[in-house]
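Novice: Could you have a look at this structure, given as structure tokens, before my questions?
Protein chains: 2
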Amino acid sequence: MSTERDSELSFIRPDVRAMTGYTPGEQPRGGRVVKLNTNENPYPPSPLVLEAMVSAASDAVRLYPDPMASDLCRRAAEVYGVAADQVLAGNGSDELLMMVLRACVGPGDAVAYPVPTYSLYETLVQIVGGRAVSVPFDRDFVLPVDGVVELAGKVTFVCNPNAPSGTVTPLAVIDEMASRLKGLLVVDEAYADFGTSTATELIERHPNVVVLRTFSKSFSLAGLRVGLAFGPQPVMAELAKVKDSYNLNRVSIAAATAALNDLDWMRANVEKVRRTRARLTEELTKLDYDVLPSDTNFVLARQPGINQEAVYKMLRAAGVLVRYFDLPALRDALRITVGTDEEIDALLAALRAAR
Amino acid sequence: MSTERDSELSFIRPDVRAMTGYTPGEQPRGGRVVKLNTNENPYPPSPLVLEAMVSAASDAVRLYPDPMASDLCRRAAEVYGVAADQVLAGNGSDELLMMVLRACVGPGDAVAYPVPTYSLYETLVQIVGGRAVSVPFDRDFVLPVDGVVELAGKVTFVCNPNAPSGTVTPLAVIDEMASRLKGLLVVDEAYADFGTSTATELIERHPNVVVLRTFSKSFSLAGLRVGLAFGPQPVMAELAKVKDSYNLNRVSIAAATAALNDLDWMRANVEKVRRTRARLTEELTKLDYDVLPSDTNFVLARQPGINQEAVYKMLRAAGVLVRYFDLPALRDALRITVGTDEEIDALLAALRAAR
Chain A
50 MSTERDSELS FIRPDVRAMT GYTPGEQPRG GRVVKLNTNE NPYPPSPLVL EAMVSAASDA
110 VRLYPDPMAS DLCRRAAEVY GVAADQVLAG NGSDELLMMV LRACVGPGDA VAYPVPTYSL
170 YETLVQIVGG RAVSVPFDRD FVLPVDGVVE LAGKVTFVCN PNAPSGTVTP LAVIDEMASR
230 LKGLLVVDEA YADFGTSTAT ELIERHPNVV VLRTFSKSFS LAGLRVGLAF GPQPVMAELA
290 KVKDSYNLNR VSIAAATAAL NDLDWMRANV EKVRRTRARL TEELTKLDYD VLPSDTNFVL
350 ARQPGINQEA VYKMLRAAGV LVRYFDLPAL RDALRITVGT DEEIDALLAA LRAAR
Chain B
50 MSTERDSELS FIRPDVRAMT GYTPGEQPRG GRVVKLNTNE NPYPPSPLVL EAMVSAASDA
110 VRLYPDPMAS DLCRRAAEVY GVAADQVLAG NGSDELLMMV LRACVGPGDA VAYPVPTYSL
170 YETLVQIVGG RAVSVPFDRD FVLPVDGVVE LAGKVTFVCN PNAPSGTVTP LAVIDEMASR
230 LKGLLVVDEA YADFGTSTAT ELIERHPNVV VLRTFSKSFS LAGLRVGLAF GPQPVMAELA
290 KVKDSYNLNR VSIAAATAAL NDLDWMRANV EKVRRTRARL TEELTKLDYD VLPSDTNFVL
350 ARQPGINQEA VYKMLRAAGV LVRYFDLPAL RDALRITVGT DEEIDALLAA LRAAR
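Chain order of the listed sequences is A and B.
Per the numbering used here, the first sequence starts with residue 50, numbered consecutively.
Per the numbering used here, the second sequence starts with residue 50, numbered consecutively.
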């Protein structure tokens with residue numbers, strides 16, 4: 050960077066200038082690609098959702114949306130068994146993560162999480178000027194409770210089920226951790242619908258627990274950006290102060306509300322994904338991969354000690370996108386989204402052809 | 050606040066706990082209300098926009114949106130005569146304001162603006178832990194250039210045309226101010242389409258100028274949350290680092306792009322608003338209001354020294370919502386959105402009836 054440019058950007062925070070920024074998973078524009086790299090749902094959303102979207106395409110878009118997305122929060126409260134004032138909606142759960150950090154984290158405050166996990170956490174902590182502190186999961190992705198508690202984060206993130214491992218930490222462990230933590234525990238349940246466990250009930254027993262959900266995965270709505278936060282009312286009230294004033298648009302509010310009115314559709318899609326996940330796990334095992342038990346819509350497939358970058362590139366060349374992470378703990382792994390059976394067949398065929 | 054609750058919220062930043070949060074303008078839920086309080090466009094968006102929204106209601110919503118909204122930015126670059134890498138799209142220009150603050154402002158850094166202006170600025174500065182510093186406009190809302198420059202903000206916001214005054218500062222003055230400021234100058238042009246002036250060309254001459262636009266006003270898309278930032282490429286690259294990873298959803302991207310493909314529609318609506326604005330100004334003057342010259346889709350009507358809260362309440366009781374600001378400089382004023390001619394007739398009738 051030239052001196053001239055340096056002085057031109059003197060109004061940018063030095064820590065931001067030093068940042069590289071988050072790299073989202075690749076989004077190919079058209080072409081015949083088997084897209085198993087960003088954990089999208091291979092099945093479409095409920096017809097009720099698409100109907101709600103069409104209805105929202107009306108002259109009423111000239112008006113601001115409801116800043117609190119009240120209709121959505123009310124319906125979410127019914128579905129998840131909480132009070133409406135224990136719910137907050139976000140422009141994706143990514144925005145809710147940012148709201149938590151904005152509300153809690155000042156310069157240098159510690160934000161704790163076990164790693165490897167959702168890589169956006171680190172970026173968001175950098176943005177708010179916090180200090181990311183972490184402890185490693187063990188090789189089987191068992192949560193190091195003592196280690197996490199000792200980090201004493203102002204905020205602690207636990208992605209549960211975890212990405213990119215797909216593994217889940219039992220509710221009792223989360224419960225115990227919430228009791229031991231003085232800071233806020235955020236249980237990021239983006240993938241929970243593909244498993245069996247949720248920590249939502251903890252918000253009734255702990256003043257410091259927030260649970261996040263997203264419509265991007267199980268509800269097939271990654272393109273609409275809607276997430277939900279559940280937490281004690283006093284915490285939700287503080288988070289609401291730091292959200293963008295009109296954070297959700299009219300279409301997303303209507304679509305997410307409609308999605309919650311057709312849970313059967315979502316559950317049927319989840320069931321299909323689970324069946325395919327079991328088959329994928331079995332076939333990858335036959336191909337000499339260790340596959341961690343997954344409670345999500347992806348699997349982490351590892352060949353201990355064998356760098357998978359070449360396999361990732363070979364798959365890419367064959368038109369199959371999966372996720373490879375260039376990190377010490379993950380170089381021997383591929384994260385593979387559970388697609389349709391046809392997509393998984395294409396993946397497996399490409400892997401077999403390369404043997 | 051009880052001690053127990055205090056200790057329960059110990060993980061929330063003290064400055065956030067002390068905040069009251071931003072109060073958006075009232076959004077009545079149904080009923081026959083003449084809504085002249087939040088500067089929405091009284092006319093619908095282009096049919097092309099609604100068509101694009103319906104097209105976006107497809108199975109593709111299961112996929113993440115383009116994180117950089119490239120189609121929209123490319124089209125915006127054509128329309129506004131800048132390069133595509135000088136454009137960034139936001140979830141409303143509110144999100145772009147926040148991105149600027151995230152990128153530039155550390156704890157205690159000064160953020161400067163003349164007041165009264167868009168009240169969200171103060172809230173956003175509080176959220177990032179900055180220090181809001183301001184100088185008053187004079188009674189005619191002439192920008193106090195020296196005063197603003199002396200505040201030496203890391204970031205300086207100039208809402209131009211200004212809200213809630215509706216007045217505009219000439220381009221030459223903005224240009225001069227940009228030269229004198231060491232920090233970043235953000236020209237918030239949410240209402241520029243209703244006037245005649247824009248500072249977009251300044252991004253070619255100044256390394257420290259960012260111009261913001263919104264689709265909420267002239268394009269009748271407040272409900273979809275889309276804003277644009279124009280600025281030098283190096284600045285845009287820094288802002289991109291701190292944006293939410295997928296900040297715009299698929300529908301908003303498609304709708305805003307379509308809106309830019311039907312500028313004639315927007316301009317025809319703007320022309321109608323301008324004609325009604327002239328009539329409203331004339332009639333309010335007859336009713337003993339001083340009305341500032343407006344380059345926006347609202348007017349600030351004042352009766353010097355006469356508190357307008359009672360008038361605001363009377364109008365409200367008559368089913369006409371306008372905006373009253375309980376601030377020393379604005380208590381003798383009402384901010385009235387330029388609605389349809391019928392809506393303005395209803396407002397004027399209510400005002401006349403109350404005399």
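A virtual CB, placed ideally from N, CA and C, is assigned to each residue, including glycine.
Using the beta-carbon of each residue, which ones in chain A are nearer than 9 Å to MET226/B?
Specialist: For the purposes of this step, residue 226/B is taken as residue 177 along the second sequence, with counting starting at 1. Chain A residues near MET226/B: none, gap ~14 Å exceeds 9 Å.
Novice: Taking 8 Å as the threshold (beta carbon to beta carbon), is ARG324/B in contact with chain A?
Specialist: In the second sequence, counting from the first residue as 1, residue 324/B sits at position 275. It does not; no Cβ of chain A falls within 8 Å.
Novice: Helix, strand or coil: how does DSSP classify THR205/A here?
Specialist: Working through the first sequence from its first residue, we reach residue 205/A at position 156. Here THR205/A carries a strand assignment [DSSP, helix/strand/coil].
Novice: Please name the residue or residues paired with LYS292/A in a DSSP beta bridge.
Specialist: Indexing the first sequence from 1 puts residue 292/A at position 243. According to DSSP, LYS292/A bridges with nothing at all.
Novice: Given a cut-off of 8 Å on the beta-carbon distance, is the pair ARG111/B and SER269/A in contact?
Specialist: Walking along the second sequence from the start, residue 111/B turns up at place 62. Walking along the first sequence from the start, residue 269/A turns up at place 220. Less than 8 Å divides the Cβ of ARG111/B from the Cβ of SER269/A.
Novice: Please list, in chain order, all residues of the same chain as THR306/B whose beta carbon is under 8 Å from its beta carbon, the five residues on each side excluded.
Specialist: For the purposes of this step, residue 306/B is taken as the residue at position 257 of the second sequence. Excluding positions up to five away in sequence, the list reads ALA101, ASP120, LEU121 and ARG124.
Novice: Along the chain, where does the alpha helix (DSSP H) that runs through TYR129/B open and close?
Specialist: Along the second sequence, one-based indexing puts residue 129/B at 80. Run containing TYR129/B: 119–129, per the alpha helix (DSSP H) assignment.
Novice: Based on DSSP bridge pairs, tell me the residues matched to VAL162/A.
Specialist: On the first sequence, position 113 is the one that residue 162/A refers to. Sequence check: residue 162/A is Tyr here, not Val. Residue pairing by DSSP places TYR162/A opposite SER183/A in a beta bridge.
Novice: Judging by CA-CA distance, which residue of THR345/B, LEU192/B and VAL149/B is the nearest neighbour of THR405/B?
Specialist: In the structure as shown, chain B starts at 50 and stops at 404, and residue 405/B therefore has no counterpart that could be examined.
Novice: Taking MET68/B as the query, report the chain A residues whose CB atoms sit under 7 Å from its CB, ordered along the chain.
Specialist: Taking the second sequence and counting its residues from 1, the one referred to as residue 68/B is at position 19. Per Cβ cutoff of 7 Å: LYS290.
Novice: Of the choices GLU89/B, GLU253/B and LEU379/B, whose alpha-carbon is the least far from that of LEU370/B?
Specialist: Within the second sequence, residue 370/B is the residue found at index 321, counting from 1. Relative to LEU370/B, the option among GLU89/B, GLU253/B and LEU379/B whose CA is nearest is GLU89/B.
Novice: To the nearest angstrom, how far is the alpha carbon of ALA398/B from that of ARG380/B?
Specialist: Counting from 1 along the second sequence, the entry for residue 398/B is found at position 349. Counting from 1 along the second sequence, the entry for residue 380/B is found at position 331. Using only the alpha carbons, I get a separation of about 22 Å.
Novice: Consider the Cβ of GLU392/A: report whether some Cβ of chain B lies at a distance smaller than 8 Å.
Specialist: As a working mapping, residue 392/A is identified with position 343 in the first sequence. At a cut-off of 8 Å, the C-beta of GLU392/A has no neighbouring C-beta in chain B.
Novice: Just to confirm, is the Cβ distance from THR330/A to VAL319/A under 8 Å?
Specialist: Reading the first sequence from its first residue, position 281 is the one you call residue 330/A. Reading the first sequence from its first residue, position 270 is the one you call residue 319/A. Cβ atoms of THR330/A and VAL319/A: not closer than 8 Å.
Novice: Contact check, VAL260/A vs THR245/A under 8 Å by CB: the rounded distance?
Specialist: The residue you call residue 260/A lines up with position 211 of the first sequence. The residue you call residue 245/A lines up with position 196 of the first sequence. Actually they are not in contact, since the Cβ atoms of VAL260/A and THR245/A sit about 15 Å apart, beyond 8 Å.
Novice: DSSP three-state call for LEU397/B: helix, strand or coil?
Specialist: The residue labelled residue 397/B in the question sits at position 348 within the second sequence. In the structure shown, LEU397/B sits in a helix (DSSP, three-state: H, G or I).
Novice: Does the count of Cβ pairs from the region 150–167 of chain B and the region 200–218 of chain B closer than 8 Å reach three?
Specialist: Flag = yes, the region 150–167 of chain B and the region 200–218 of chain B touch.
Novice: Would you mind reading off the limits of the alpha helix (DSSP H) that contains LEU150/B?
Specialist: Translated into positions along the second sequence, residue 150/B becomes position 101. For LEU150/B, the enclosing alpha helix (DSSP H) covers residues 142–153.
Novice: Taking C-beta to C-beta, are ASP242/B and MET315/B nearer than 8 Å?
Specialist: Taking the second sequence and counting its residues from 1, the one referred to as residue 242/B is at position 193. Taking the second sequence and counting its residues from 1, the one referred to as residue 315/B is at position 266. In contact: ASP242/B and MET315/B (Cβ atoms closer than 8 Å).
Novice: By the DSSP assignment, the alpha helix (DSSP H) with LEU349/B in it spans what residues?
Specialist: Stepping through the second sequence from its first residue, residue 349/B is reached at position 300. Careful: LEU349/B lies outside any alpha helix (DSSP H), inside the beta strand (DSSP E) at 347–351.
Novice: Cα separation between VAL177/B and SER104/B?
Specialist: Position 128 of the second sequence, counted from the start, is the residue given in the question as residue 177/B. Position 55 of the second sequence, counted from the start, is the residue given in the question as residue 104/B. Straight-line Cα distance between these residues: approximately 38 Å.
Novice: Which ranges does the alpha helix (DSSP H) cover as unbroken runs of at least 4 residues, wholly within the region 275–331 of chain B, from first to last along the chain?
Specialist: 282–290 and 299–309
Novice: Within the continuous alpha helix (DSSP H) that includes ILE252/A, where are the two ends?
Specialist: Numbered from its first residue, the first sequence carries residue 252/A at position 203. Segment 251–254, the alpha helix (DSSP H) holding ILE252/A.
Novice: Give the residues from the region 144–177 of chain B that approach chain A closer than 7 Å (Cβ to any Cβ), ordered along the chain.
Specialist: GLU144, MET147, ARG151, ALA152, CYS153, GLY155, PRO156, LEU169 and ILE176
Novice: Output needed in chain order: residues of the region 300–332 of chain B with a Cβ under 7 Å from some Cβ in chain A.
Specialist: VAL300 and SER301
Novice: Measuring CA to CA, which of LEU137/B, VAL197/B and PRO91/B is closest to PRO116/B?
Specialist: Here residue 116/B refers to the residue found at position 67 when the second sequence is read from its first residue. Of the listed residues, the one whose Cα sits closest to PRO116/B is LEU137/B.
Novice: Which of helix, strand or coil does DSSP assign to LEU230/B?
Specialist: Position 181 of the second sequence, counting from 1, holds the residue named residue 230/B. In this structure, LEU230/B counts as coil in the three-state DSSP scheme.
Novice: The alpha helix (DSSP H) with ARG62/A in it runs from where to where?
Specialist: The count along the first sequence starts at 1 and reaches residue 62/A at position 13. Here ARG62/A belongs to no alpha helix (DSSP H), and DSSP marks it neither H nor E.
Novice: Residues of the region 211–235 of chain A in Cβ contact with chain B at a cutoff of 8 Å, in chain order, please.
Specialist: LYS231, GLY232 and LEU233
Novice: Return helix, strand or coil for GLY244/B, following the three-state DSSP convention.
Specialist: Residue numbering aside, residue 244/B sits at position 195 when the second sequence is read from its first letter. If DSSP states are grouped into helix, strand and coil, GLY244/B belongs with coil.
Novice: Should PRO377/B be labelled buried (16 or more other beta-carbon atoms within 10 Å of its own) or exposed?
Specialist: Walking along the second sequence from the start, residue 377/B turns up at place 328. PRO377/B comes out exposed.
Novice: Over what stretch of residues does the beta strand (DSSP E) that includes VAL177/B continue unbroken?
Specialist: Position 128 of the second sequence, counted from the first residue, corresponds to residue 177/B. No beta strand (DSSP E) holds VAL177/B; DSSP gives it neither H nor E.
Novice: Got a sec: is the Cβ-Cβ distance from PRO256/A to anything in chain B below 8 Å?
Specialist: The residue labelled residue 256/A in the question sits at position 207 within the first sequence. With 8 Å as the cut-off, PRO256/A counts as an interface residue toward chain B.
Novice: If you measure between the beta carbons of GLU407/A and PRO283/B, is that distance less than 8 Å?
Specialist: In the structure as shown, chain A starts at 50 and stops at 404, and residue 407/A therefore has no counterpart that could be examined.
Novice: Would you kindly report the start and end of the unbroken alpha helix (DSSP H) that includes LEU99/A?
Specialist: The residue you call residue 99/A lines up with position 50 of the first sequence. Note, LEU99/A: alpha helix (DSSP H), 96–105.
Novice: Quick check: what's the CA-CA separation for PHE347/B versus ALA308/B?
Specialist: Counted from its first residue, the second sequence places residue 347/B at position 298. Counted from its first residue, the second sequence places residue 308/B at position 259. In a straight line, the C-alpha of PHE347/B is about 22 Å away from that of ALA308/B.
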